[in-house]
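A.B. asks:
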Amino acid sequence: MWRIRTSVAVLLAVLATAYAAGSGVAANAAATGRTTVHTITVDGRQRSYRLHRPASLPAKAPLVVMMHGGFGSARQAERSYGWDAEADRRRFAVAYPDGPAAWDVGDGCCGRPGREQVDDVAFITRMIADVGHRLGIDSGRVYATGISNGGMMAYRLACDTRIFAAVGPVATTRLGDCPAPAPLSVIHIHGLADETVRFDGAAGTGIAEIDGPPVPEVVAGWRAVDHCGRPTVTRSGPVTTEAARCARGRAVTLITVEGAGHQWPGGQVVRERADPPSKALDATAVIWDFFAAHAKR
């Protein structure tokens with residue numbers, strides 16, 4: 000009941016109005032090439048996010064929403080996963096929302112946000128609109144990605160809104176109901192040795208003991224939503240890619256990494272005793288390549 004179904008028409012109108020009214024301001028802001036911190040109020044709570052704007056952006060820029068994992072932060076996510084550097088090279092904006100250490104993704108997960116049913120969908124929806132007031136955003140190229148609990152939040156946004164062209168969850172699964180999602184492209188990356196959010200859906204070893212559906216089941220569900228054909232399978236060392244082409248140019252891709260644990264491939268170690276990031280692929284570059292190929296249809 001607490002979740003919202005975002006009207007895409009309303010959000011697109013906000014983004015279009017913001018761009019039309021303030022395109023000159025947006026161009027100047029983009030030229031600064033730095034990260035700024037912004038605060039908005041949602042349901043009486045003050046929420047914050049970090050916004051990275053490369054020195055050069057197109058008039059209507061793609062936007063990636065990058066969500067930290069449990070016990071992480073927007074600042075930690077910005078430092079750990081290489082999205083700023085990728086954005087600077089490829090000319091898109093990145094927003095890093097700050098959860099209060101976790102995100103409410105359904106099924107009571109996770110932490111205080113899950114217990115108190117904090118409406119993180121409303122927060123991120125409002126954040127995107129706020130970014131639209133600051134930059135010229137291409138409303139057909141808004142994307143969401145995240146790791147662990149942040150990846151679950153990417154799936155929650157895919158289930159509960161119609162904003163995103165594609166999502167790219169990493170080291171995660173989907174929790175909570177998803178009765179009627181809008182079609183969108185999906186790329187999911189998972190280490191097969193992940194014991195925190197297990198690929199097979201068994202209870203994980205983390206504090207939340209996540210036991211969501213097996214990852215192949217989650218991915219198969221999105222292939223059904225997107226009316227996909229049979230996936231083609233390719234292997235390169237420890238990396239296996241299952242890529243399915245879907246209706247209207249969409250795609251659903253699952254990438255697994257043999258021997259990799261609960262981590263962001265190509266990223267940095269986020270805390271002591273955390274699983275080391277796999278060097279078998281650069282997840283950030285792979286996800287952005289996928290996003291760049293899939294606008295909203």
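Going left to right, the sequence shown walks through residues 0 to 296 as numbering that gives the first Met the number 0 numbers them.
The beta-carbon is built from N, C-alpha and C at its ideal position, and this holds for glycine as well.
Nothing here was measured: the structure is a model prediction, and the numbers come from that model.
1. Just to check my reading of the structure: R90 and V120 have Cβ atoms closer than 8 Å, yes? What is that Cβ distance to the nearest angstrom?
2. Taking F163 as the reference, give the member of R33, T35, G32, F290 with the closest Cα.
3. Can you give the Cα-Cα distance for A86 and V117, rounded to whole angstroms?
4. Where does G205 land, buried or exposed, given buried means 16+ other C-beta within 10 angstroms?
5. Between the alpha carbons of A58 and H51, how many angstroms are there, rounded?
6. Measuring CB to CB, does G98 end up less than 8 Å from H67?
7. Counting Cβ pairs, one atom from each stretch, are 3 or more of them under 8 Å apart for the segment 220-232 and the segment 176-189?
8. With a floor of 3 residues, list each beta strand (DSSP E) that falls wholly inside the segment 233-274, ordered by position along the chain.
9. By the DSSP assignment, the alpha helix (DSSP H) with L156 in it spans what residues?
10. Contact between the segment 226-236 and the segment 30-45: three or more CB pairs below 8 Å?
11. Tell me whether the beta-carbon of V141 lies closer than 8 Å to the beta-carbon of A153.
12. Determine the DSSP secondary structure at Q45, reduced to helix, strand or coil.
13. With three or more C-beta pairs closer than 8 Å as the rule, is the segment 129-147 touching the segment 247-259?
14. Are L191 and V218 close, meaning C-beta to C-beta below 8 Å?
15. Mind checking Q262: buried by the 16 CB within 10 Å criterion, or exposed?
16. Here's the rule I'm using: 16 or more other beta-carbon atoms within 10 Å means buried, otherwise exposed. How should R197 be labelled?
17. Given this structure, state the Cα-to-Cα distance separating A26 from T195, to the nearest angstrom.
18. Using the three-state DSSP reduction, which class does T297 fall into: helix, strand or coil?
19. Just list the beta strand (DSSP E) runs in the segment 37-102, keeping only unbroken ones of 3 residues or longer that don't cross its boundaries, in chain order.
20. So is D42 buried or exposed if we call it buried at 16+ other beta carbons inside 10 Å?
21. Given I311, which residues of its chain have a CB within under 7 Å of its CB, disregarding the five upstream and five downstream residues?
22. Write down the C-beta distance between V63 and T160 rounded to the nearest angstrom, noting that I regard them as a contact closer than 8 Å.
23. Taking only the alpha-carbon atoms, compute the straight-line gap between A101 and R296 and give it to the nearest angstrom.
24. Compute the Euclidean distance between the alpha carbons of G265 and R44, then round it to the nearest angstrom.
25. Which of the three DSSP states, helix, strand or coil, is assigned to A164?
26. Take A76 as the anchor and find which of V93, P237, P212 has the nearest alpha-carbon.
27. Among the candidates Y80, G203, A60, S235, whose CA atom is the shortest distance from the CA of T255?
28. Using CA coordinates, which residue listed in R173, A202, D274 is at the minimum distance from D103?
29. Output the distance between the C-alpha atoms of M65 and A284, rounded to the nearest integer angstrom.
30. State buried or exposed for S79, treating a residue as buried only when at least 16 other CB atoms are found within 10 Å of its CB.
C.D. replies: The answer reads as follows:
1. Within the sequence shown, residue 90 is the residue found at index 91, counting from 1. Within the sequence shown, residue 120 is the residue found at index 121, counting from 1. About 28 Å; that fails the 8 Å criterion.
2. Stepping through the sequence shown from its first residue, residue 163 is reached at position 164. Distance from the Cα of F163 is smallest, within the candidate group R33, T35, G32, F290, for F290.
3. On the sequence shown, position 87 is the one that residue 86 refers to. On the sequence shown, position 118 is the one that residue 117 refers to. A86 and V117: Cα-Cα distance of roughly 30 Å.
4. Against the sequence shown, residue 205 aligns to sequence position 206. G205 comes out buried.
5. As a working mapping, residue 58 is identified with position 59 in the sequence shown. As a working mapping, residue 51 is identified with position 52 in the sequence shown. In a straight line, the C-alpha of A58 is about 16 Å away from that of H51.
6. To locate residue 98, count along the sequence shown from 1; it is residue 99. To locate residue 67, count along the sequence shown from 1; it is residue 68. The answer is yes: Cβ separation under 8 Å.
7. Three or more beta-carbon pairs separated by less than 8 Å link the segment 220-232 to the segment 176-189, which places the two stretches in contact.
8. 238-244, 250-256
9. The residue you call residue 156 lines up with position 157 of the sequence shown. L156 -> alpha helix (DSSP H) spans 148-159.
10. No contact exists between the segment 226-236 and the segment 30-45.
11. On the sequence shown, residue 141 is found 142 positions in, with the first residue counted as 1. On the sequence shown, residue 153 is found 154 positions in, with the first residue counted as 1. When the beta-carbon positions are compared, V141 and A153 stay at least 8 Å from each other.
12. Looking up residue 45 in the sequence shown gives position 46. Reduced to three states, the DSSP call for Q45 is strand.
13. no
14. Here residue 191 refers to the residue found at position 192 when the sequence shown is read from its first residue. Here residue 218 refers to the residue found at position 219 when the sequence shown is read from its first residue. Contact: no.
15. As a position in the sequence shown, residue 262 is number 263, starting the count at 1. That one is buried.
16. As a first step, residue 197 must be located in the sequence shown, where it is residue number 198. Buried is the call here.
17. Here residue 26 refers to the residue found at position 27 when the sequence shown is read from its first residue. Here residue 195 refers to the residue found at position 196 when the sequence shown is read from its first residue. Unreliable positioning characterises A26 in this predicted model, as indicated by a pLDDT of 34, which lies under 50. A coordinate reading is not provided.
18. What the structure shows of the chain is the stretch from 0 to 296, and residue 297 is not part of that stretch, so it cannot be assessed.
19. Within the segment 37-102, the beta strand (DSSP E) runs of at least 3 residues that lie entirely inside it are, in chain order, 44-52, 60-66, 92-96.
20. As a working mapping, residue 42 is identified with position 43 in the sequence shown. D42 is exposed by the Cβ-count criterion.
21. Because the chain in this structure spans residues 0 to 296, residue 311 falls outside the shown range and cannot be described.
22. Mapped onto the sequence shown, residue 63 falls at position 64. Mapped onto the sequence shown, residue 160 falls at position 161. That belief does not hold up - the Cβ atoms of V63 and T160 are roughly 15 Å apart, past 8 Å.
23. Against the sequence shown, residue 101 aligns to sequence position 102. Against the sequence shown, residue 296 aligns to sequence position 297. Taking the straight line from one Cα to the other gives about 31 Å.
24. Counting from 1 along the sequence shown, the entry for residue 265 is found at position 266. Counting from 1 along the sequence shown, the entry for residue 44 is found at position 45. Each residue's alpha carbon lies about 34 Å from the other.
25. Against the sequence shown, residue 164 aligns to sequence position 165. In the displayed model, A164 falls within coil according to three-state DSSP, outside both helix and strand.
26. Along the sequence shown, one-based indexing puts residue 76 at 77. That would be V93, whose Cα lies nearest to the Cα of A76.
27. Within the sequence shown, the letter at position 256 stands for residue 255. Selected option, being the one with the closest Cα: S235.
28. Here residue 103 refers to the residue found at position 104 of the sequence shown. Taking only the C-alpha atoms, the option nearest D103 is R173.
29. Start at 1 with the first residue of the sequence shown, and residue 65 comes out as number 66. Start at 1 with the first residue of the sequence shown, and residue 284 comes out as number 285. Their Cα atoms are separated by approximately 13 Å.
30. For the purposes of this step, residue 79 is taken as residue 80 along the sequence shown, with counting starting at 1. When all chains shown are included, S79 counts as buried.
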